[in-house]
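Residue numbers (the working numbering): 1 to 321.
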């Protein structure tokens with residue numbers, strides 16, 4: 001890294017740490033307010049349900065963050081999740097061992113990510129267009145494969161995993177930790193993570209500095225596809241079916257979680273802990289609104305306002321550099 005980049009790294013890390021603490025304080029405040037204002041929010045069943053609700057979006061948000069940091073976007077992740085439930089269900093019902101079925105599904109997610117990278121790098125397509133095309137195509141392919149029906153998964157042990165807990169913590173939340181720790185190390189403590197930030201800041205300058213920009217873009221979209229396929233496996237375990245229409249709109253929730261977590265839609269700014277906290281802030285708002293009998297439309301409005309406010313302040317921060 002250049003001397004200027006090293007000098008800029010410390011303020012960026014300080015900003016990420018401060019923003020992360022702010023998000024954590026907001027999440028704690030929401031939990032305290034809802035614990036006081038409702039009788040059931042702090043119950044063990046509700047907290048477990050909230051953690052399960054937020055966990056899958058949190059993992060999606062991590063994958064989405066890798067892409068957004070490069071200055072791109074992945075609109076296909078919700079469709080990849082739904083498609084992955086179909087692949088998982090078909091493989092398990094065909095007698096393929098569960099581990100092998102999961103591995104094949106993850107490889108499908110990797111292949112989809114590589115296809116996105118190819119479309120952007122080799123075909124020159126905007127990320128918005130290639131991932132939007134995949135979104136619509138995967139829904140259609142999944143519906144053709146299932147003839148428009150759901151596929152029930154005939155494996156009780158596979159279904160039980162997502163419904164069980166370990167030391168009182170839902171297994172789905174442990175999956176967030178399983179993804180979050182290596183993702184944090186990759187993004188913040190490896191040269192590949194620095195490359196993502198570099199490409200998002202200035203792709204041409206990165207290329208002139210010796211960064212393989214094309215490979216970095218491939219990597220970002222591959223990681224996003226892998227995370228989405230993993231979430232598809234978890235969702236198939238939780239609902240016990242494969243259905244290509246599942247996870248509709250989850251791509252927007254993943255983007256919202258990432259943005260609320262401090263990832264800049266302009267690229268080059270982001271973290272792993274921010275989107276994770278953002279996902280659970282959204283899950284808490286939705287859960288609390290349901291307990292308070294708040295109209296579901298207001299939940300969407302609150303999410304939209306949060307995004308506008310955070311993106312606005314991100315713009316102010318950028319102009320203030």
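Virtual Cβ for every residue (Gly too), placed ideally from N, Cα, C.
Check your understanding: What are the start and end residues of the alpha helix (DSSP H) that includes residue 88?
Key -> 77-93
Point to revise | Length of the line joining the Cα atoms of residue 257 and residue 311 | key: 12 Å
Check your understanding: How far does the alpha helix (DSSP H) with residue 189 in it reach, from first residue to last?
Key -> Neither: residue 189 is in no alpha helix (DSSP H) and is coded neither H nor E.
Exercise for review: Buried or exposed for residue 182, please, with buried defined as at least 16 other CB atoms from any protein chain shown within 10 angstroms of its CB.
Suggested key: exposed
**Study point:** Inter-residue spacing [alpha-carbon to alpha-carbon] between residue 164 and residue 171
**Key:** 6 Å
Practice item. Check each candidate in 214, 105 and 217 and name the one with the smallest Cα separation from residue 228. Key: 105
Check your understanding: Between residue 82 and residue 275, is the Cβ-Cβ spacing less than 9 Å?
Key -> no
Exercise for review: Under 8 Å Cβ to Cβ from residue 305, same chain only, skipping five residues before and after it: list those, please.
Suggested key: none
Exercise for review: For residue 268, count neighbouring Cβ atoms within 10 angstroms of its own Cβ and tell me buried if that reaches 16, exposed if not.
Suggested key: buried
Practice item. Put residue 182 into one of helix, strand or coil per three-state DSSP. Key: helix
Check your understanding: Do residue 175 and residue 99 have their C-beta atoms within less than 9 Å of each other?
Key -> no
Point to revise | Option in 79, 186 and 187 with minimal Cα separation from residue 380 | key: With the chain running from 1 to 321 in the structure shown, residue 380 is simply not present.
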